[in-house]
Amino acid sequence: MNAPSEMNFEDMLRVRLEVLKREHRDLDEAIHALETAGRPDQLTLRRLKKQKLALKDQIVKLEDQLIPDIIA
Numbered sequence: 185m186n187a188p189s190e191m192n193f194e195d196m197l198r199v200r201l202e203v204l205k206r207e208h209r210d211l212d213e214a215i216h217a218l219e220t221a222g223r224p225d226q227l228t229l230r231r232l233k234k235q236k237l238a239l240k241d242q243i244v245k246l247e248d249q250l251i252p253d254i255i256a
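Position in the sequence shown counted from 1, then plus 184, gives you the numbering used here.
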């Protein structure tokens, strides 16, 4: 009944992955809100999109670490 209080490396990666996905979703919603609100600030929009792409890159790297490639 004594569960270990420490997470292993894979669990930490999964938690980090979920946090990044949530941030990515939040940025997507913020970008959509800016785009639909009349005349959006293009500089802010560009920065948010760049940040969203960087998050997507991090998400892909973590997913690659968690899901091994299967060589056919």
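Every residue gets a Cβ at the ideal spot worked out from N, C-alpha and C, and that includes glycine.
This structure is a prediction, so every number in the text was calculated from the model and none was measured.
| Asked | Found |
| --- | --- |
| If contacts are defined as beta-carbon pairs under 8 Å, then Val215 and Leu229 qualify, I think. What distance do you get, rounded to the angstrom? | The residue asked about is misnamed: residue 215 is Ile in this sequence, not Val. Right, the Cβ-Cβ distance comes to about 7 Å (below 8 Å), so this counts as a contact. |
| For the alpha helix (DSSP H) containing Arg223, name the first residue and the last one. | First-last for Arg223: undefined, no H or E at that position. |
| Output the distance between the C-alpha atoms of Gln226 and Leu246, rounded to the nearest integer angstrom. | 30 Å |
| Exposed or buried, Leu204, counting other C-beta atoms within 10 Å across all chains shown (16 or more means buried)? | buried |
| Using the Cα positions of Ala221 and Gln235, report the straight-line distance between them to the nearest angstrom. | 20 Å |
| Exposed or buried, which one is Leu239 when buried takes at least 16 other CB atoms within 10 Å? | buried |
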